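Okay, so here's the structure we're looking at.
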Amino acid sequence: MPLIVQKFGGTSVGSIERIHHVAEKIIEAKNEGNQILVVVSAMSGETNRLVNLASQVDSVPNARELDVLLTAGEQVSMALLAMTLHKLGYEATSMTGYQAKIHTDSNHNNATIERIDTAPIKALLDDDQIVIVAGFQGVNAKGDITTLGRGGSDTTAVALAGALQAKECQIYTDVDGVYSCDPRVVKQSKKLDTLDFPSMEEMARRGAKVLHLPCVQHAWRHNVPLRVLSSFEEGEGTLIAGNDCLNEITGIAIQNCMLELECLPTDLDTLLRQCQLLGIEVWSVIEETERVAILIKQDAGLKLKLVFDEKIRNSEQVSLLTVVGNRAQGIVVSSQELLSKNDIDIRHYSLAQQSLMLVLSPTQVDTAANILHDAYITACGESSHIQKEVHFG
Ligand code: ADP
Ligand code: ASP
Ligand code: MG
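Going by full-length UniProt numbering, the residue at position 125 of the sequence shown is 125; the numbering climbs one at a time, nothing skipped.
Here it is, written out as structure tokens:
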């Protein structure tokens, strides 16, 4: 019997009513003759609530204990979904990451899945059960609970789909697919029917949170058929497939809540070493004649400031806008012109093979995304982009 992995995000399991709806979707797929393995996120808002509780205790909470706390969210939704399926007459068993034998490294709060012992899940599936696994969590070699980084349930789903050779990994969320930009920011965003892996990877890396970056990377590396769909309405969603980026401009990703930390040029090496020691990802190093700065996520800034505060000369909140596509390198000058006409100042830019990343003021990033989307995507109307109304859940 073919196996389908279905992952439901926070909004999709955000209430008892939504959980009931999800249960009906699962039953439909089961009755079509599939084995079903479900991965659930915490109910919407729950992980943020838990993070907030921890931050009231300590601005930089103990990483191990934070993982113990955060995994509680997924445990609530998996049990409620299993109970709902029972009520509807189906056999279902929920499993934590520990029970599902999802082994990770020991990098608390941002762990990587190393291997999955699929025997316990297989035994339940073979027993005709619907298996529900808590997303975002695993266990390290010491037996401690770990989490995979915010948004990590997508990665749990893909890793399980790969390990169990599922027919498809379906990521159900609150929009009906991957769009050319976050449709909440750019109303003109276009839904993409298919999207190649390199473009999806770059979009996810640069802030398109519709898919967790390691999820995309794992699916690409292990050939896992990956589809993003809405749990609120019917549709084919977006199929992520293909190794080559063929679009001139595929899309725009936005990353808010970033910090630009300025230091003396002589302190840069020490600053970078501190980031490495603390496991802080440096998004970019800015070395200009009159200033040296690094870009990191705002929450990581708290950790860094604890050990490096006196050497940070200036700290500014910024947002990043990344244009992804083969032509991204060729639009630097025209982007600068378009934005400056609208009084939007680019603080800094950097180029990668298939992307142009702009550092902007948080108050201007949404306007900038709309301007650049109009110029490079809406105006070009690539045939692979099907324009339709955006449907939010
Ligand atoms: P879930 O809780 O289901 O995991 P997320 O909130 O993590 O959902 O991801 C879905 C959200 O991602 C959408 O509501 C949308 O606002 C945002 N998003 C950002 N970029 C994109 C994009 N390019 N296409 C679709 N959604 C995007
Ligand atoms: N609940 C976790 C989060 O909010 C994981 C996820 O939703 O994927 O980040
Ligand atoms: Mg998500």
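Every residue, glycine too, gets a C-beta built ideally from N, C-alpha and C. From a predicted model like this one, the values you see are computed outputs, not experimental measurements.
Distance cut-off 7 angstroms: residue i Cβ against heavy atoms of the ligand ADP
i, result
"V210", "yes"
"C257", "no"
"P183", "yes"
"G251", "yes"
"residue 447", "With the chain represented from 1 up to 393, any question about residue 447 goes unanswered, as that position is not in the structure."
"residue 405", "Any answer about residue 405 is impossible in this case: the structure gives the chain only from 1 up to 393."
"M203", "yes"
"S12", "yes"
"S41", "yes"
C-alpha gap between residue i and residue j, whole angstroms
i, j, result
"G207", "I252", "9 angstroms"
"E168", "H218", "14 angstroms"
"I377", "N247", "10 angstroms"
"L53", "G33", "43 angstroms"
"Y349", "D182", "21 angstroms"
"N256", "P362", "7 angstroms"
"V332", "N107", "37 angstroms"
"P265", "K305", "18 angstroms"
"H385", "D196", "Any reading at H385 needs caution, since the residue's pLDDT is 44, under 50, leaving its predicted position unreliable; the model's value is listed next. Taking the straight line joining both Cα atoms gives about 13 angstroms."
"H233", "D193", "It should be pointed out that residue 233 corresponds to Glu in this sequence rather than to His. Computed Cα separation, rounded: 16 angstroms."
8 angstroms contact criterion, which residue i and residue j should meet: CB distance rounded
i, j, result
"A111", "G143", "Not a contact, Cβ separation roughly 14 angstroms."
"D27", "Q6", "The residue you asked about is not Asp; residue 27 is Ile in the sequence shown. Between Q6 and I27 the Cβ distance is about 11 angstroms, and since that is not below 8 angstroms, they are no contact."
"K191", "D174", "No, K191 and D174 are not in contact; Cβ-Cβ is about 14 angstroms, not under 8 angstroms."
"V40", "A134", "7 angstroms"
"L328", "S284", "Rather than Leu, the amino acid found at residue 328 in this sequence is Ala. The Cβ separation is near 15 angstroms, so there is no contact."
"V224", "V158", "5 angstroms"
"I294", "E281", "With 8 angstroms as the limit, I294 and E281 do not qualify as a contact, their Cβ atoms being about 10 angstroms apart."
"T250", "V324", "5 angstroms"
"I254", "V359", "Actually they do not touch by this definition, with Cβ atoms about 12 angstroms apart."
Contact test: residue i Cβ vs the ligand ASP heavy atom, cutoff 7 angstroms
i, result
"E74", "yes"
"T367", "no"
"D128", "no"
"G97", "no"
"D154", "yes"
"A219", "no"
"F197", "no"
"T84", "no"
"G138", "no"
"G135", "yes"
Residues of its chain near residue i, where Cβ-Cβ distance is below 6 angstroms and the 5 sequence neighbours each way are ignored
i, result
"I19", "V13, L80, L81, T84"
"M200", "V216, I240"
"H212", "G151, G152, D154, T155"
"E316", "E260"
"E91", "Q129"
"E262", "R291, A293, R313, N314"
"S59", "L302"
"R205", "L213"
"I286", "A293, H348"
Cut-off 8 angstroms between Cβ atoms - residues of its own chain near residue i, not counting five sequence neighbours on either side
i, result
"S383", "Any answer about S383 is weak, because its pLDDT of 41 lies below 50 and its placement is not dependable; what the coordinates show is given next. Correct list: empty, nothing qualifies."
"I371", "L338, L339, N342, I344"
"P120", "M95, Q99, A100, K101"
"M1", "G33, N34, Q35"
Residue i beta carbon near the ligand MG (any heavy atom closer than 7 angstroms)
i, result
"D117", "no"
"G9", "yes"
"G151", "yes"
Cut-off 7 angstroms between Cβ atoms - residues of its own chain near residue i, not counting five sequence neighbours on either side
i, result
"K209", "G151"
"A375", "L338"
"D67", "H108, N109, I145, T146, T147"
"I4", "A29, N34, I36, A166, K167, E168, Q170"
Run through the region 173-225 for me and flag every whole alpha helix (DSSP H) of 4 or more residues, listed as ranges in chain order. Here the runs fully enclosed are 197-205, 213-221.
Runs of 4 residues minimum, wholly inside the region 13-100: which ones carry the alpha helix (DSSP H) assignment? Every alpha helix (DSSP H) of 4 residues or more that sits fully in the region 13-100 is shown, in chain order, as 16-31, 46-57, 63-87.
**Asked** For the region 102-154, which segments carrying the beta strand (DSSP E) assignment without a break, of at least 3 residues, lie completely within its bounds, in sequence order?
**Response** Within the region 102-154, the runs of beta strand (DSSP E) at least 3 residues long that lie entirely inside it are, in chain order, 102-104, 113-116, 130-134, 137-139, 145-147.
Query raised in the report: Which whole runs of the alpha helix (DSSP H) in the region 230-295 are 4 residues long or more, in chain order?
Result: If we require 4 residues or more, the alpha helix (DSSP H) runs fully inside the region 230-295 come out as 268-278.
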